[in-house]
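Just below is one structure, and these are the notes that go with it.
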Amino acid sequence: MLNQYLHWSFIFSALCLLIIPSSSTAQQRLDLGVMVGPEVNWITSEPWESELPGLQTTGGTGVSLGYTAGAYLEYEIFSGLFLRGGLNYTRKRYNYDVSQRQPENGDEIANSSNRIVYTAIEIPVAILYRFLYLRNNDRFAVGVGGVVDRWLGDPQVETDFVAGSADRSYIDEAYRGVNFFVGYDHYISDRFVLGIEPYIAYSPTRFRFETASISKNDIQAGIAARLRFDN
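Residues are numbered in the numbering used here as their position in the sequence shown, beginning at 1, plus a constant of 20.
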């Protein structure tokens, strides 16, 4: 885990050196910020014939809450248009219902749940536009971006119906994603800006723990709170 973190920290530092312009005028267009926020993951399931042995198990639905924290740089390309890049630490959680048909008990249905947690280092990149200043220099924003995910160790899995379920082959993880967001920036001082950004993201992940269904998480939603130093 430490080696992965150092690896991506090196890449982030290299990106900073590449995008920081040499002139003092251009450097005034570069801002530094930090962010943190919750993310909601929806799980749904659909019929699927698995090669897994054992009794018939079927996934259901679920909603779980994770979080993201990180640091980023913003560069103003021209008036109102910004390019953003950063390094995030993300903890994703997935929790959904699962049932098992038990013929030995007269086809009685046993109910349980699957719980999956993993952490990742993300490199998000986005382009955004901030509209004309409102009262007190506040601004609205809209943007689109993408994320590349890297795993940090094995996922933590708890499930009652599949032996050896910590095997990563049961999970088709998403290494990439896209997102759309809107935002509102408020100056809390001459130099510091507090931003709130609701977003929706597409980053498809599949879970193959059941014999009669496949469970998936395609859409995520969250709110990012950002504190930016306006250079």
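Every residue gets a Cβ at the ideal spot worked out from N, C-alpha and C, and that includes glycine.
Secondary structure within the region 183-221: the beta strand (DSSP E) runs of 3 or more consecutive residues, fully enclosed, are 196-207 (chain order). Proximity to G79 across D117, A146 and R188 peaks at D117, based on C-alpha coordinates. Fewer than three Cβ pairs drawn from the region 200-218 and the region 227-234 lie within less than 8 Å of each other, which leaves the two stretches out of contact. Taking the Cβ atoms as the reference, R248 lies roughly 5 Å from D51, within the contact range of under 8 Å.
Inclusion of R104 and T139 in the CB contact set at 7 Å is not warranted, their separation being larger than that value. W171 and I141 have their C-alpha atoms roughly 7 Å apart. Secondary structure at P175: coil, using DSSP grouped into helix, strand and coil.
For the set L152, S84 and Y87, the Cα lying nearest the Cα of G100 is the one of L152.
In terms of Cα proximity to N61, the closest of E193, N157, N131 and R113 is R113. In this structure, the alpha-carbon of I143 lies about 30 Å from that of T179.
Cα atoms of A91 and I147: separation of roughly 16 Å, rounded to the nearest angstrom. The shortest C-alpha to C-alpha distance from Y87 to any of W68, Y109 and T81 is the one to Y109. If the five residues before and after S65 are omitted, its C-beta is found closer than 8 Å to the C-beta atoms of T78, G79, G80, T81, Y116, E230, S233, I234, S235 and K236, all from its own chain and listed in chain order. Assignment of beta strand (DSSP E) within the region 56-134, counting only whole runs of 3 or more residues, yields 77-79, 82-98 and 101-122 in chain order. In the three-state reduction of the DSSP assignment, R248 falls in the strand class, which pools E and B.
With fewer than 16 other Cβ atoms from the protein chains shown falling within 10 Å of its own Cβ, N131 counts as exposed.
Residues of the same chain with a CB within less than 6 Å of the CB of A244, apart from the 5 flanking positions on each side, are M55, G57 and E217 in chain order.
Looking at the DSSP output, P224 shares a beta bridge with no other residue. Within the model, the alpha-carbon separation for Q122 versus Y190 is close to 23 Å.
According to the DSSP secondary-structure assignment, N237 is paired through a beta bridge with T225.
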